[in-house]
Amino acid sequence: MLPVSSMPIQVSNPQVSPDKVLEIQGLYKQFAIGRWGRRRIVRAVNDFNLSLSRGEVVALVGESGSGKTTVARVIARLYKPTAGTIRLNGTPVPEKLSRDDLLAFRRQVQMIFQDPFSSLNPLHSVRYTLSRPLKIHRLAAGREVEERVKDMLERCGLTPPELYIDKLPHELSGGQRQRVGIARALSVGPALILADEPTSMLDVSIRLDIMNLMLDLKDEEGLSYLFITHDLAGAHYVADRIAIMYASYLVELGPSDDVINEPLHPYTELLKSAAPKPESGLKPERISTTYDIPDLTNLPPGCPFWPRCPYAEDRCRGEVPQLREIEPGRFTRCVLK
Ligand SMILES: Nc1ncnc2c1ncn2[C@@H]1O[C@H](COP(=O)(O)OP(=O)(O)O)[C@@H](O)[C@H]1O
Ligand SMILES: [Mg+2]
Numbered sequence: 004m005l006p007v008s009s010m011p012i013q014v015s016n017p018q019v020s021p022d023k024v025l026e027i028q029g030l031y032k033q034f035a036i037g038r039w040g041r042r043r044i045v046r047a048v049n050d051f052n053l054s055l056s057r058g059e060v061v062a063l064v065g066e067s068g069s070g071k072t073t074v075a076r077v078i079a080r081l082y083k084p085t086a087g088t089i090r091l092n093g094t095p096v097p098e099k100l101s102r103d104d105l106l107a108f109r110r111q112v113q114m115i116f117q118d119p120f121s122s123l124n125p126l127h128s129v130r131y132t133l134s135r136p137l138k139i140h141r142l143a144a145g146r147e148v149e150e151r152v153k154d155m156l157e158r159c160g161l162t163p164p165e166l167y168i169d170k171l172p173h174e175l176s177g178g179q180r181q182r183v184g185i186a187r188a189l190s191v192g193p194a195l196i197l198a199d200e201p202t203s204m205l206d207v208s209i210r211l212d213i214m215n216l217m218l219d220l221k222d223e224e225g226l227s228y229l230f231i232t233h234d235l236a237g238a239h240y241v242a243d244r245i246a247i248m249y250a251s252y253l254v255e256l257g258p259s260d261d262v263i264n265e266p267l268h269p270y271t272e273l274l275k276s277a278a279p280k281p282e283s284g285l286k287p288e289r290i291s292t293t294y295d296i297p298d299l300t301n302l303p304p305g306c307p308f309w310p311r312c313p314y315a316e317d318r319c320r321g322e323v324p325q326l327r328e329i330e331p332g333r334f335t336r337c338v339l340k
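This is how it looks when you write it as structure tokens:
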């Protein structure tokens with residue numbers, strides 16, 4: 004190592020690139036559960052690294068319990084990271100944010116939730132739900148608020164807006180509620196949207212409509228999405244890149260077509276083989292009946308996937324593999340590649 008005095012002074016971080024909206028480096032999130040004496044640590048997210056460019060859609064795919072929602076909630080500042088750095092537009096998000104900083108942060112980063120019914124207050128009209136963020140962020144006042152709300156409704160496919168603006172959530176269909184959820188997220192003009200399974204609760208027939216709406220709005224507004232889903236086909240449809248998570252680890256990352264057509268990680272292969280096929284009436288098949296969801300308080304040593312992996316060798320049981328770049332832009336956390 005160089006003596007301190009002769010170390011070059013770093014004037015800029017070469018890893019920060021101007022087109023990156025989000026950069027996550029070395030992210031870990033642990034939860035302590037249980038009472039004293041029986042305290043256990045849930046290692047929900049381990050060694051997570053991911054960047055999103057402006058205008059890019061990255062799908063985060065994995066089975067239930069793999070840590071996807073936790074990643075989104077840490078990015079959204081609903082949870083504090085246990086370790087790691089998150090940069091927004093090149094600037095690290097500090098550990099402590101003042102009220103004003105948090106408000107400014109929320110203008111940049113918005114979430115869309117899985118269940119539009121529970122994420123909308125049942126007592127509040129669409130008008131109230133959509134005008135509140137405009138007022139909180141001081142983006143509109145007086146008559147302009149109503150104009151902006153109507154404009155957002157129209158852009159989210161709720162036309163004519165007069166038909167929807169006075170409705171309560173229970174008076175809307177699931178798809179319409181999710182359109183209100185999308186309008187609410189977009190109303191503050193964010194750069195990044197974290198969409199946590201936004202179509203999972205919706206009828207299959209309207210999932211595509213909602214995905215298309217999100218893609219149209221992305222193009223109009225130059226947004227970036229982290230689109231969380233457990234549905235590989237949906238991920239392929241919306242995303243430029245797909246990131247696969249298994250048991251708290253990112254195990255594969257690459258351009259959507261490559262990940263789908265030529266998976267690098269055995270877990271991606273398994274997901275692909277279990278994806279609903281048109282000939283099976285689009286009913287998802289159960290991935291495995293012999294294996295439970297991995298226990299994140301007690302992962303096996305080595306690769307987290309080896310107990311389920313058809314190719315597992317002795318060396319897979321040693322250490323957790325690193326996420327390695329096998330081809331330009333294609334990463335896998337598997338020692339067998
Ligand atoms: N607030 C919390 N407290 C304790 N454990 C949590 C909390 N949130 C999530 N977990 C645990 O973290 C793991 C990952 O959960 P989650 O991020 O919700 O996964 P996914 O969204 O992929 O289904 C699970 O084991 C879950 O039980
Ligand atoms: Mg989740």
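Position 150 of the sequence shown, counting from 1, maps to 153 under this note's numbering, and the rest follow consecutively.
Glycine included, every Cβ here is placed at the ideal spot set by N, Cα and C.
Element boundaries [alpha helix (DSSP H), containing residue i]
i: L197; result: No alpha helix (DSSP H) holds L197; the beta strand (DSSP E) holding it covers 195 to 199.
i: V24; result: Segment 23 to 36 is the beta strand (DSSP E) holding V24; no alpha helix (DSSP H) there.
i: P3; result: The question about residue 3 has no answer, for the chain in this structure spans 4 to 340.
i: V262; result: 259 to 264
i: L105; result: 102 to 111
i: E150; result: 146 to 158
i: R187; result: 177 to 189
i: R137; result: The sequence given here has Leu at residue 137, not Arg. Its alpha helix (DSSP H) spans residues 129 to 139.
i: H173; result: Counting along the chain, H173 falls outside any alpha helix (DSSP H), and DSSP gives it neither H nor E.
i: L235; result: 235 to 241
Which of helix, strand or coil DSSP assigns to residue i
i: F51; result: strand
i: Y314; result: coil
i: I3; result: The shown model of the chain, from 4 to 340, leaves out residue 3, and the question about it has no answer.
i: F308; result: coil
i: Q325; result: coil
i: M248; result: strand
i: R289; result: With a pLDDT of only 49 at R289, under the threshold of 50, the placement of this residue in the model should not be trusted, and no figure is reported.
i: A86; result: strand
i: L166; result: helix
i: Q117; result: coil
i: E330; result: strand
i: V96; result: coil
i: R43; result: strand
i: S56; result: strand
Residue interval of the beta strand (DSSP E) (run including residue i)
i: P224; result: First, the residue type needs correcting, since residue 224 is Glu and not Pro in the sequence shown. Premise fails: E224 lies in the alpha helix (DSSP H), 207 to 224, not in any beta strand (DSSP E).
i: F353; result: What is shown of the chain runs 4 to 340, which leaves residue 353 out entirely.
i: F346; result: Because the chain here runs from 4 to 340, residue 346 falls outside it and cannot be looked at.
i: V60; result: 60 to 64
Of the residues the options, the one placed nearest residue i, counting alpha carbons only
i: T94; options: F308, I27, S227, Y167; result: I27
i: T202; options: R180, K221, E265; result: R180
i: L302; options: V323, Y228, C337; result: V323
i: K99; options: Q111, L81, A236, N92; result: L81
i: Q33; options: I44, Y249, L25; result: I44
i: E66; options: R327, I329, A278, Y314; result: A278
i: S134; options: R151, E328, F120; result: R151
i: G58; options: A86, L166, R182, D243; result: D243
i: H173; options: L137, A198, H127; result: H127
i: R141; options: R130, I231, A107, P125; result: A107
i: E347; options: K340, R109, Y314; result: Residue 347 cannot be examined here, being either before or after the span of the chain that is shown, 4 to 340.
i: L175; options: R41, F120, L229; result: F120
i: N92; options: R158, N124, V64, K23; result: K23
i: D222; options: V60, L25, G40, G29; result: V60
i: A62; options: I247, C337, L267; result: I247
i: A75; options: D104, G178, Y228; result: Y228
i: R130; options: D261, A250, D154, Q111; result: D154
i: L253; options: P193, R327, E149, R42; result: R327
i: L299; options: G29, L30, L25, A35; result: A35
i: G184; options: P163, L166, T162, L156; result: L156
Any non-hydrogen atom of ligand 2 within 7 Å of residue i CB
i: T72; result: yes
i: D199; result: yes
Near ligand 1: residue i beta-carbon under 7 Å from a heavy atom
i: S69; result: yes
i: G40; result: no
i: F116; result: no
i: G65; result: yes
i: F364; result: The requested residue 364 is not part of the displayed model; the chain covers only 4 to 340.
i: I36; result: yes
i: L299; result: yes
i: V254; result: no
i: V45; result: yes
Query raised in the report: Are there three or more Cβ pairs, one per stretch, closer than 8 Å when the stretch 180 to 191 is compared with the stretch 115 to 128?
Result: Because the criterion of three Cβ pairs below 8 Å is met, the stretch 180 to 191 and the stretch 115 to 128 touch.
Query raised in the report: Three or more beta-carbon pairs under 8 Å between the stretch 35 to 52 and the stretch 213 to 227, yes or no?
Result: Verdict: no, contact absent.
Requested in this report: Taking 8 Å as the threshold, find out whether the stretch 203 to 213 comes into contact with the stretch 137 to 157 through three or more Cβ pairs.
Outcome: Between the stretch 203 to 213 and the stretch 137 to 157 there are fewer than three C-beta pairs closer than 8 Å, too few to call the two in contact.
Query raised in the report: Should the stretch 265 to 281 be regarded as contacting the stretch 230 to 244, the criterion being three or more beta carbon pairs within less than 8 Å?
Result: The way I'd put it, the stretch 265 to 281 does touch the stretch 230 to 244; three or more beta-carbon pairs between them come closer than 8 Å.
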